[in-house]
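Here the sequence shown is numbered in my numbering, starting from 2 and rising by one per residue.
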Amino acid sequence: MKIHFWGAAGIVTGSNYLLEIGGKKLLIDCGMFQGGRQINRLNFQPYPYNPEEIDFLILTHAHIDHSGRIPSLIKAGFKGRIYCTKATYDLCSIMLPDSGHIQEMETEWDNRKRGRAGLSLRKPLYTVEEALNSLHYFSPVLYQQKITIDDSLTFSFQDAGHILGSAIVELWVSEKNEHIKIVFSGDLGRKNKPIIRDPAIIEEADYLILDSTYGNRIHPPLDQDAARLIPIITETSKRGGNIIIPSFAIQRAQDIIYELNKYYDRFIAVSNDDFLDIPVYIDSPLTISATEIFKRNPDCFSPDALDLIRKGDNPLDFHNLHFSRTTQESRDLNISPESKVIISASGMCTAGRIKHHLKHNLWRKESSIVFIGYQAEGTLGRRIQDGAKKVNIFGEEISSKAEIHVLEGFSGHADQEEIIQWLGSFSNKPKKVFLVHGEQDSLNILSGLIQQKLNLDTIIPQMGDNFIIKGVTKAVSIKDVHTEIKKEQRKLEEETNELKEIMEQVLEQMDNKTKEEISEEEASALRNKMLALRKEGLELSMLLTRDTEKKASSENS
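What follows is the structure, given as structure tokens:
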């Protein structure tokens, strides 16, 4: 078995790993490179492998630095399946077409300049239509399902706790009488984050490919940074400025909504009620669509978020939250004199409406720019965060006079302590840990810490490196088999009890709903869901009946 590192190796973005297993070739992720001009050019380079020879792709999550080159991979000849979680598919269904739109618009803008300079015109990396076409290749599966490709290869998704639908990939390989378990952490999330569940604990691995984005930093607690945001908003409003929050459309924006909900809905008291009059605008069509997808995937929610929903509170909505859908509504935000919070994409300020808001507010000393997510080297966001006096936005030099704040508590990436803690929780630890998704300083510091605290060998691969992965020949004892079976039975029992509780609650809610007067549209939506649930229930009943008949037949014989 070989693994080739073709992205996010020695840098943070462009996640792309090629595995050769027997006669098969598979990819983990196919993400876009994001950063300065030199890094962005990598997106237009030919693939260092033949996409036509790739059998399938496993996608860890929907962020563009993990999924963003999928349409171009298909353009180049890939014809296999793309496995991901359902929530990841839902998010990609809006993110990839949005990325295609950005490719088209930026290429059109660039070609105007190239035409005037007498240079040849360029084609976009891919179009909206090509992005939409790529969605036909997706094959969503559930967390914890074991997907068997053939006798030599099985994989499963576990919750990564990074964004909605994000996954850790467990991969079991049997090759030449050797058995290997290789784990890809994807982007590893944090414990006790709003909305989504904590990262799953993985019990064992022979090899681990580990996210190292914040391997050199410790994040402040989220609730502490959420509390810091409130005075930033109120003080900026008193000065007559705007609060501009560049945010990734997926997860960071929803985390901010979730935290502000606690204050605007008065779950947490504020010292000055004037705060409640400050409007909050979500100015990103992609973020608005993503928030709707969050509402359709409550199975990914944390117990706290589900508890709020059961109590009748929508954690993704509150008084004075507004959504700017049209271009004109976005422009009006920069014309209106009232102080306001504007949450807009993209999170690294590389594209989208956020660049317009920065152009109108960065030079204003009464305004504030609040960074809540990672800013990659070379991006506009990183230059502002690092204290650049002037930056170029849409060909114009803009002075940086606004207050700059960095709230890392909102980060969706595990920090140094959380990475070490998660890795330390393995019962059977990996013999090699490959550190990826990090800048060189972060990678080096985390590597030393893992060796010092956990006594594990680490490797920091660079772009284009490849390694032969060797497994172990295992003799599995009958005792081990029985232990594994009992473990699976306990899981099944826990999941059965959880399903009972959910169904009892749903049936009670349905009983109450049928006594209310509801619209034809709502009644139709509820009936469709009930029919789908009935179908799943009957299929489960058939499966259980077959198992019972098999058992009875074997006992009689």
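Virtual Cβ for every residue (Gly too), placed ideally from N, Cα, C.
Item checked: One or two residues paired with Cys350 in a DSSP bridge -> DSSP output for Cys350 lists no bridge partner at all.
Notebook entry, point to check: The beta strand (DSSP E) with Tyr84 in it runs from where to where?
Noted result: It spans Arg82 to Thr86 - the beta strand (DSSP E) in which Tyr84 sits, taken as one unbroken run.
Notebook entry, point to check: Where does Asp512 sit, in a helix, a strand or coil, going by DSSP?
Noted result: In the structure shown, Asp512 sits in a helix (DSSP, three-state: H, G or I).
Notebook entry, point to check: What runs of the beta strand (DSSP E), each 3 residues or longer, lie entirely inside the region 106-192?
Noted result: 139-142, 147-151, 154-160, 168-176 and 179-185, all fully within the region 106-192.
Check: Could you give the residue range of the alpha helix (DSSP H) that holds Asp305?
Finding: For Asp305, the enclosing alpha helix (DSSP H) begins and ends at Pro304 to Arg311.
Margin query: Can you give me the C-alpha to C-alpha distance between Glu378 and Leu211, rounded to a whole angstrom?
Written below: Taking the straight line joining both Cα atoms gives about 20 Å.
Checklist line | Reduced DSSP secondary structure (H/G/I, E/B, other) of Pro462 | finding: Reduced to three states, the DSSP call for Pro462 is coil.
Margin query: Below 8 Å on the Cβ atoms is my contact criterion, and I expect Leu444 with Ile461 to pass it. Report the Cβ-Cβ distance as a whole number of Å.
Written below: By a beta-carbon distance limit of 8 Å, Leu444 contacts Ile461. Their separation comes to about 5 Å.
Next item on the list: Return the chain-ordered list of same chain residues with a C-beta closer than 6 Å to the C-beta of Asn335, the five sequence neighbours on each side being excluded.
Entry: Counting only Cβ-Cβ distances below 6 Å, and skipping sequence neighbours, we find His361.
Notebook entry, point to check: For Ile40, which three-state DSSP category applies?
Noted result: Helix.
Notebook entry, point to check: Quick one: Cα of Leu27 to Cα of Gly119, how far?
Noted result: Cα-Cα distance, rounded: 42 Å.
Next item on the list: Please report the residue range of the alpha helix (DSSP H) in which Asp442 lies.
Entry: Taken as a continuous stretch (DSSP letters only), the alpha helix (DSSP H) holding Asp442 covers Gln441 to Leu455.
Margin query: Tell me which residue opens and which closes the alpha helix (DSSP H) that Lys433 is part of.
Written below: Unbroken run through Lys433 is the beta strand (DSSP E), Lys433 to Val437; no alpha helix (DSSP H).
Margin query: Determine whether the beta carbon atoms of Ile4 and Asn17 lie at a separation below 9 Å.
Written below: Cβ distance not < 9 Å, so Ile4 and Asn17 don't count as in contact.
Note to self: Quick check on the burial criterion: 16 or more other C-beta atoms within 10 angstroms. Buried or exposed for Thr86?
What the structure shows: Its Cβ being crowded by 16 or more others within 10 Å, Thr86 is buried.
Item checked: 3-residue-minimum beta strand (DSSP E) runs that sit fully inside the region 200-238, ordered along the chain -> Segments of the beta strand (DSSP E) lying fully in the region 200-238: 208-212.
Note to self: For Leu58, report the span of its beta strand (DSSP E) as first-last.
What the structure shows: Unbroken beta strand (DSSP E) run through Leu58: Phe57 to Ile59.
Check: Alpha carbon to alpha carbon, what distance is there between Val174 and Ala476?
Finding: Model confidence at Ala476 stands at a pLDDT of 41, short of 50, so the residue's coordinates are unreliable; what they give is reported in the following sentence. When only Cα atoms are considered, Ala476 and Val174 end up about 15 Å apart.
Item checked: Nearest-angstrom Cα separation, counted from Lys177 out to Leu457 -> Rounded to the nearest angstrom, the gap between the Cα atoms of Leu457 and Lys177 is 26 Å.
Notebook entry, point to check: What residue range is occupied by the uninterrupted beta strand (DSSP E) comprising Lys356?
Noted result: No beta strand (DSSP E) holds Lys356; the alpha helix (DSSP H) holding it covers Ile355 to Asn362.
Check: In three-state DSSP terms, what is Ile470?
Finding: Three-state result, Ile470: coil.
Note to self: Using the three-state DSSP reduction, which class does Val407 fall into: helix, strand or coil?
What the structure shows: In the three-state DSSP reduction, Val407 falls in the strand class (E or B).
Next item on the list: Could you check which residue in Gln39, Ala228 and Lys402 has the C-alpha nearest to that of Phe276?
Entry: Residue Ala228 is the option with its Cα nearest to Phe276.
Next item on the list: Give the range of the beta strand (DSSP E) segment to which Glu398 is assigned.
Entry: First-last of the beta strand (DSSP E) with Glu398: Glu397 to Ser400.
Next item on the list: Could you pull the start and end residues of the beta strand (DSSP E) that Leu277 belongs to?
Entry: Looking at the DSSP string, Leu277 is not in any beta strand (DSSP E), and its letter there is neither H nor E.
Next item on the list: Report buried or exposed for Leu359, applying the criterion of at least 16 other Cβ atoms within 10 angstroms of its Cβ.
Entry: Classified as buried, Leu359 has 16 or more neighbouring CB atoms from the shown chains inside 10 Å of its CB.
Check: How would you write the range of the alpha helix (DSSP H) that Ile258 sits in, first residue to last?
Finding: Arg253 to Tyr265 is the extent of the alpha helix (DSSP H) around Ile258.
Notebook entry, point to check: Between the C-alpha atoms of Phe185 and Glu171, what's the straight-line distance to the nearest angstrom?
Noted result: Taking the straight line joining both Cα atoms gives about 7 Å.
Checklist line | Other residues of its chain near Val392: CB distance less than 7 Å, five sequence neighbours each side excluded | finding: Only Leu381, Arg384, Ile385, Ile399 and Ser401 meet the Cβ criterion.
Checklist line | Short Cβ contact (9 Å threshold) for Leu317 with Gln255 | finding: Result yes, Cβ atoms of Leu317 and Gln255 sit closer than 9 Å.
Checklist line | Alpha-carbon spacing of Met2 relative to Leu19, whole angstroms | finding: Looking at the two C-alpha atoms, the distance is approximately 11 Å.
Item checked: Residue range of the unbroken alpha helix (DSSP H) whose run includes Asn26 -> Going by the sequence as given, residue 26 is Lys instead of Asn. Premise fails: Lys26 lies in the beta strand (DSSP E), Lys25 to Ile29, not in any alpha helix (DSSP H).
Notebook entry, point to check: Secondary structure at Gly382, three-state DSSP: helix, strand or coil?
Noted result: Three-state result, Gly382: helix.
Next item on the list: Flag this pair as touching only if the region 214-228 and the region 305-323 have three or more C-beta atom pairs under 8 Å; answer yes or no.
Entry: The region 214-228 is not in contact with the region 305-323.
Check: Quick one, are the C-beta atoms of Ile164 and Gly348 less than 9 Å apart?
Finding: No, Cβ-Cβ distance for Ile164 and Gly348 is not below 9 Å.
Check: What does a CB cutoff of less than 8 Å around Met464 pick up in its chain, not counting 5 residues either side in sequence?
Finding: In its chain, beyond the 5 residues on either side, Phe6, Trp7, Gly8, Ala10, Gly11 and Ile12 have a beta carbon closer than 8 Å to the beta carbon of Met464.
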